[in-house]
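Going down the list, the protein sequences come from chains R and S.
For the record, in the first sequence the residue sitting at position 84 is 84 according to the numbering used here, with numbers rising by one throughout.
If you want the numbering used here, it's the 1-based position in the second sequence plus 546.
Before any comments, here is the structure.
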Amino acid sequence: MRTLSALAVAASMAVIADAATPKFFPDDPIAVDVDTQDAANVGKQDLSDPYDFLENTFMNPADTADMRAMNVNTIDEVPDSSWWTNRILHREMSAAEIARGPITGTGPKDGIWTIVGSKSEGITPGFTITDETGQLYFIKFDPPTNPEMATGAEAVTTPLFHALGYNVVENYIAPLRRENLRIGPRATLYRQISRKETPLTDKDVDELLARAARSADGTYRVIASKAAQGKSVGPFRYHGTRPDDPNDVFAHEHRRELRGMRVFAAWLNHDDSRSINSGDFLIEKDGRRIVRHHLLDFGSTLGSASTVAQKPRAGNEYIWEARPTLLTMVTLGFYVRPWIKVDYPEFESVGRFEGAFFQPQYWKPEYPNPAFNNARPDDLFWAARRVAAFSDDAIRETVKNGRYSNQAAELYLGDVIIVRRDKIARYYLNITNPVVDFAIAGGTMTFRNASVDLKFASPADHYLVAWARFDNTTGNAAAVDAPVTVTATRAAVPRALLDADFIRAIVTSHHPEQPNWVHPVQVFFRKQGNAWKTVGLERLVPQRSS
Amino acid sequence: MRFRIGVALVVLLHVPGVAFAQDTRAEEVARLQAEKAQQLRPYEPSRGEKAIDLASRMLAAGHGAYPWVGSAYPGGSFTLGAGYRHSLGDTGVYNLLGGWSVKNYKVARADVKLPEFAHRHIVITAHGGWLDAPEVAFYGLGNDSPKDGKTTYEYTPTTVGATGTLRLTNWLSAGAGADYLSVDSSIADVTYLVSRAGVGIDWRPAPDYSRRGGLYRLEWTSHDDRDVGTFTFRQLEAELVQLLPLFHESSIIALRGLATTTDVDAGQTIPVFMLPSLGGGTNLRGYPSWRFRDRHRLLLSAEYRWTPAQVIDMALFADAGKVAANRSDLDLDGLKSDIGIGVRLHGPSFTALRLDFARGREGWVINIGGGAAF
């Protein structure tokens, strides 16, 4: 780390001394962040769940610098990487493709499943099995009080997070008959009382299954998660970097896809969006080993808290918050948190999930997530564009993955996801200047207003465009003409700039009901032959108020 | 500081505008990765993380030694000690415990729960214990015993026994047991063969912390004096607990009724230390432990509980009760009462710590203990 510090100082000096440093490189904007180093020596990283809660609730383990996300490219997008793959919004995705998610096969083969391991005796039963093809799956069940709830939540949420861009595992809903479960020779069960692994017995299996929901025909509905490719090396934290992964160079609390996950988690009520539900896997790629970062376990999303329906507090308050605690204490409980009064329809397979009370800006996970807390308006806008890209059809098609036997429950779930999508879009698409997709062609700069296009705001009153000739080497910009007012999403490029190598345009949007639209957006274009390429976009959001 | 310099380095390199000898953005990132590759180290948890991990493992420990904080005996005040537990088979456990209180009460206990059988419908437990309580309070008999009439006696019981419980359903159980109880005290020494039988409906999610459900139990006990021959008696106890959730279980009304009645044959009497009593941490909390004793007792308690935070409950409570020499006097006249406020630290199914401030007619009492009030 001292070496890195010294290099940082040297870097600063180099910048000052070297007047020829370009702002944009020939390969900007990059589309892929490549892991160039072999991560063969990455070891298993365990995480103490209680410590994670205490650290994030009562301490501040992360860097809270109010800075632009570190891993965005020059046009403010996230390159593909071992964390993220651009899917929805980046390209056309049919409803069927979105609903299919990461699925590549048909799930565990019908027939005998051999148990090779299980969870501890705890409340939620679960087994690791191999099917007759030898493929490894981890299977989980629904609680008897809420059949279809947890398995449905995983089946619906997983493809949505996949479409957003995350690495997730393949999840399949499948029926299980008790008589098709065999115990493998090395299957063990962790005993809570003795804290030992001892051989699994039929009696153990029966007792675990007694805690699972069972259908009228005697089958158990399970969610079978196909084992992720590679070797598990433990979860990732939402702050810092892995000290043993050479390719992990951007602090996680400053990664756009983890900051923006706050929006996705709010949308789908993923209140359990914490380290314990993530997984790093060491895989082989392009001749070297790298760590691929996954999100795991969506059993506590939507209205499900895996073993029970979501508590009313979920998404509305952290496990520990001083102010409402003190208020409730001193008022003898007569201060009733507003979320306690929310009514939920009685759909056992959905649990507690609603859209009427939901306000995305106030949504919270179980306890503070440092990446979520670092999210700036540009991160939230970036995420909201992706949520808004899911059509009603795509959402309803994905909800069908839940295979809900109650059609009214399925309809309700789709309705709520759509309502929450719209609330997110309406709020976060207007949290900053929503201009996007800049291009120059035929001497005219065009752009779009993402919020107006999706009808989450009325058209802007006008836009102001300030033009400048940009020197990529020195970083200096020389203004050309006075700022221009336009009412449409297009502006003629000043003739004096048409022979420039680089052009900069600063655009502000003006709408009487959208105060945040005045945040400047700085766009850069590079001349390439007779055409112009958009090489830079920066949303100049205000500093976070302390 | 080092972290911030490192962050600054990454920012300088990756945000457009800074470069060194690299010609492309990809080369910039590759250089960062190459530099980090020279400084790799395995993840090392901090001391805090290791301590919390160890503490959480100890709290969840199924076997081994553990520190114990509790109560040796009502009136003995804070007791510190240690225990050791270990599994027996897959569902059995044995537990050894010893402690010493600030009032010089000493306790040693051993409990064994045999592995459950018959599809976990039958549970057999055995226990043994020794207590040395040198100053147990006695205020005299009856509901009107004077506050300033307090004396103390020494009480040293030794007990060995076993209980069998049949779990008919998740909420219905019946049981029977027997104990050998030998008491040395400054009042009288007596040896009992105790027989017990009981039945109960308990549909609370967990006995030690619940927000809904109820407990309805009936227990019959016979103390057969094998020694002196004059202290044989029988006891019947009934308890009703009802939890009424309000506002989506954010608040609860908790109600409890407890009645204990004893019966002796002619020529028999019940030693003071075996009489039903009121006063102390789980009944008539505004009075000290053992404040009222007599042949029969009645207790009514009500609590309004609310939840300021997920692991904290508070309660406003009121208790009212009486002891009586005659069963016919167990009515609502002459009840002793108290009111109070309490704070409870709890998990999803247990109450770790309960702190109650109660005021009866005789002043304030602070009760500290573990376990639910009821």
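We put the beta carbon where it would ideally sit given N, CA and C, even for glycine.
Beta-carbon spacing of residue i, residue j below 7 Å
i	j	result
G627(S)	G644(S)	yes
D63(R)	A251(R)	yes
P365(R)	D244(R)	no
T487(R)	H462(R)	yes
A210(R)	D142(R)	no
V342(R)	F357(R)	yes
L380(R)	Y318(R)	no
T158(R)	N146(R)	no
I98(R)	A153(R)	no
Y762(S)	A918(S)	no
V518(R)	F438(R)	no
G832(S)	G616(S)	no
Q788(S)	L804(S)	no
V435(R)	V521(R)	yes
DSSP state of residue i mapped onto helix, strand, coil
i	result
L208(R)	helix
S796(S)	coil
M557(R)	What the structure shows of chain R is the stretch from 1 to 546, and residue 557(R) is not part of that stretch, so it cannot be assessed.
D18(R)	Model confidence at D18(R) stands at a pLDDT of 45, short of 50, so the residue's coordinates are unreliable and nothing is read from them.
A500(R)	coil
S273(R)	coil
M67(R)	coil
N167(R)	strand
F372(R)	helix
F290(R)	Sequence inspection shows Ile at residue 290(R); the Phe mentioned does not correspond to that position. In the structure shown, I290(R) sits in a strand (DSSP, three-state: E or B).
I598(S)	helix
T711(S)	strand
H162(R)	helix
T474(R)	coil
F298(R)	coil
F819(S)	helix
H239(R)	coil
L764(S)	strand
H510(R)	strand
S545(R)	coil
F863(S)	strand
Y833(S)	coil
F456(R)	coil
Q361(R)	helix
Where the beta strand (DSSP E) containing residue i begins and where it ends
i	result
G627(S)	624-634
G746(S)	736-748
S118(R)	113-118
Q528(R)	521-528
D280(R)	278-285
G615(S)	First, the residue type needs correcting, since residue 615(S) is Val and not Gly in the sequence shown. Where V615(S) is concerned, the enclosing beta strand (DSSP E) stretches over 610-617.
A531(R)	531-539
V639(S)	638-647
T130(R)	126-130
Element boundaries [alpha helix (DSSP H), containing residue i]
i	result
W267(R)	261-267
D52(R)	49-58
V330(R)	322-330
A572(S)	571-583
D571(R)	The first residue shown for chain R is 1 and the last is 546, placing residue 571(R) beyond what the model contains.
D453(R)	450-453
Residues sharing a beta bridge with residue i, DSSP
i	result
I88(R)	R91(R)
M445(R)	I440(R), A491(R)
F141(R)	V222(R)
V706(S)	G674(S), Y726(S)
D35(R)	Answer by DSSP bridge pairing: none, since D35(R) is not bridged.
A855(S)	I858(S)
R182(R)	T114(R)
S731(S)	Y701(S)
P791(S)	I798(S)
Beta carbon proximity, residue i to chain A, threshold 7 Å
i	result
N374(R)	Looking at the structure shown, chain A is missing, and the protein chains on hand are R and S.
Alpha helix (DSSP H) runs contained entirely in the region 387-418 of chain R, provided each spans 4 or more residues: 392-399
Write down every uninterrupted run of the beta strand (DSSP E) in the region 882-915 of chain S whose length is 3 residues or greater and which is fully enclosed by it, in chain order. 882-892, 897-906, 909-915
In the region 650-684 of chain S, which residue ranges form an unbroken beta strand (DSSP E) of at least 3 residues, counting only runs that do not cross its ends? 652-659, 668-684
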